[in-house]
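Participant: The number in my numbering is simply the position in the sequence shown, starting from 1, with 93 added. Below are the structure tokens for one structure; questions will follow.
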Amino acid sequence: MSNYNEVLGVSENATNQEIKKAFRKLASEYHPDRNKDPDAVRKFKEACMAYEALGDETKRRQYDEQLRSEASRSEIPEISEEDSRTLDSYLSRARMAVSRRNFYGASALLEAATAFADDLVQKGRLSGEEQDQIKRYVARSTQEYADAILTEQGPDYKLKTATLLERASRHNSELGNSNLAGSQERKAESLRREYYTDTYKAALSHLDFTTAAKALDEYINILNIGPSKDPIQLTELKSDFIYFAYEEAMKVNQSQISPDTFAYKSIKNQYATLISKLSEHAGRLRLSSLHVELREFSDSLARDSAEVLRRQSILDIRRPSKGRKVRV
């Protein structure tokens, strides 16, 4: 039975809009009038069949039930009794880990099952087809765990989900499910970007500029190593985030720290470092006016910090020592 989710390159919990968008993209790419590749007709018909099954809510429910029924019959490959017990141990422990909400542990056990399957293939005790069955099970299970995490509430649930989706994407890529692998990789990147955006905003609200600066760097790094994009699109994404980060940084209420305290100097220094980072990124993206504006603002913050320290030093000198009077 064909997996129509994989044909369209969408997850099992995709919305109707996502399904329609994926179908239109494939239909446009493989339509016989546009694509003269001999295999285009087959792919076009396959996409039409997939959309017919998933585009209607009733048919989609029936199809999902059939798919789950088929998957349950072929979860564990037919291999030797000894190897089957070892694999079953990995997989059953992974299911137990999920029941305890230990998603990282479950994912690690599924990775171990995959590595064990690779070893069996090298020893000639497992066929390539049987190995693919295991990888399909691992990819499907990892996706299910990722979906389950998305229902959880916590500061790092997006990061956990992204990690699992990346693993599922790798398995699907090895299985030749390039559309689904690409969709999972893009979703993982989106979740990581959301996580570091939230981290950045939360750090600013607590005047934790060191964490905010790290979140800023991580966000840019994700864009640099994420799924391949058009260079213009990549530049636009970076520019959008730099402007967003700048606006959020400007919202920080410095009056929360009294200018008369030494802590004010530390906060000013950290804030200046963050603004300097933003200025550097703006310079790399050739956002000339923003680069200059941020650099000047960073310098002014550094001067303010130095002035606070100078005043503090003068007060320390003038403060009377214990036990004797000092004429000022």
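By construction, the Cβ of each residue, glycine as well, lies at the ideal position given by its N, Cα and C atoms. Everything numeric in this text was worked out from a predicted model, so none of it was measured.
Please classify residue 285: is it buried, with 16 or more other beta-carbons within 10 angstroms of its beta-carbon, or exposed?
Facilitator: Under this definition residue 285 is a buried residue.
Participant: Does the beta-carbon distance from residue 232 to residue 268 come in below 8 Å?
Facilitator: It is a contact, given that the beta carbons lie within the stated cut-off.
Participant: Does DSSP put residue 108 in a helix, a strand or coil?
Facilitator: If DSSP states are grouped into helix, strand and coil, residue 108 belongs with coil.
Participant: Going by DSSP, what residue range makes up the alpha helix (DSSP H) through residue 252?
Facilitator: 250–267 is the span of the alpha helix (DSSP H), which, as asked, contains residue 252.
Participant: Applying the 10 Å Cβ sphere with the 16-neighbour rule, what's the burial state of residue 254?
Facilitator: Buried: at least 16 other Cβ atoms inside 10 Å.
Participant: Tell me whether the beta-carbon of residue 375 lies closer than 8 Å to the beta-carbon of residue 313.
Facilitator: Cβ atoms of residue 375 and residue 313: not closer than 8 Å.
Participant: Once the 5 residues before and after residue 394 are set aside, which same chain residues still bring their CB inside 7 Å of it?
Facilitator: Excluding sequence neighbours, residue 394 sits near 361, 364, 365, 368.
Participant: To the nearest angstrom, how far is it from the Cα of residue 137 to the Cα of residue 228?
Facilitator: Whole-angstrom Cα-Cα distance: 27 Å.
Participant: Considering only residues of the same chain and omitting the five flanking positions on each side of residue 372, which have a CB-CB separation below 7 Å?
Facilitator: Result list for residue 372: 384, 387, 388, 391, in chain order.
Participant: Look at the alpha carbon of residue 259 and the alpha carbon of residue 319, and state the distance between them as a whole number of angstroms.
Facilitator: Taking the straight line joining both Cα atoms gives about 11 Å.
Participant: The alpha helix (DSSP H) spanning residue 278 covers which residue range?
Facilitator: That run of the alpha helix (DSSP H) goes 271–298.
Participant: Pick from 219, 177, 97: whose alpha carbon is nearest that of residue 146?
Facilitator: Comparing Cα positions, the closest option is 97.
Participant: In the DSSP assignment, find the alpha helix (DSSP H) that holds residue 99 and state where it starts and stops.
Facilitator: Residue 99 -> alpha helix (DSSP H) spans 97–101.
Participant: Using a Cβ-Cβ cutoff of less than 7 Å, which residues in the same chain neighbour residue 287 once the five nearest sequence positions on both sides are dropped?
Facilitator: 251, listed in sequence order.
Participant: Note down, in chain order, each residue of its chain lying with its Cβ closer than 7 Å to the Cβ of residue 274, except the 5 sequence neighbours on either side.
Facilitator: The residues are 262, 265, 266.
Participant: Should residue 219 and residue 210 be called a contact, given that it needs their Cβ atoms to be closer than 8 Å?
Facilitator: Result yes, Cβ atoms of residue 219 and residue 210 sit closer than 8 Å.
Participant: With a cut-off of 8 Å on the beta carbons, I'd call residue 102 and residue 272 a contact; round off their distance for me.
Facilitator: Rounded, the Cβ-Cβ distance is 3 Å, consistent with contact.
Participant: Along the chain, where does the alpha helix (DSSP H) containing residue 231 start, and where does it finish?
Facilitator: Element bounds for residue 231: 221–243.
Participant: Considering only their Cβ atoms, is the gap separating residue 183 from residue 199 smaller than 8 Å?
Facilitator: Not a contact, by the Cβ cut-off of 8 Å.
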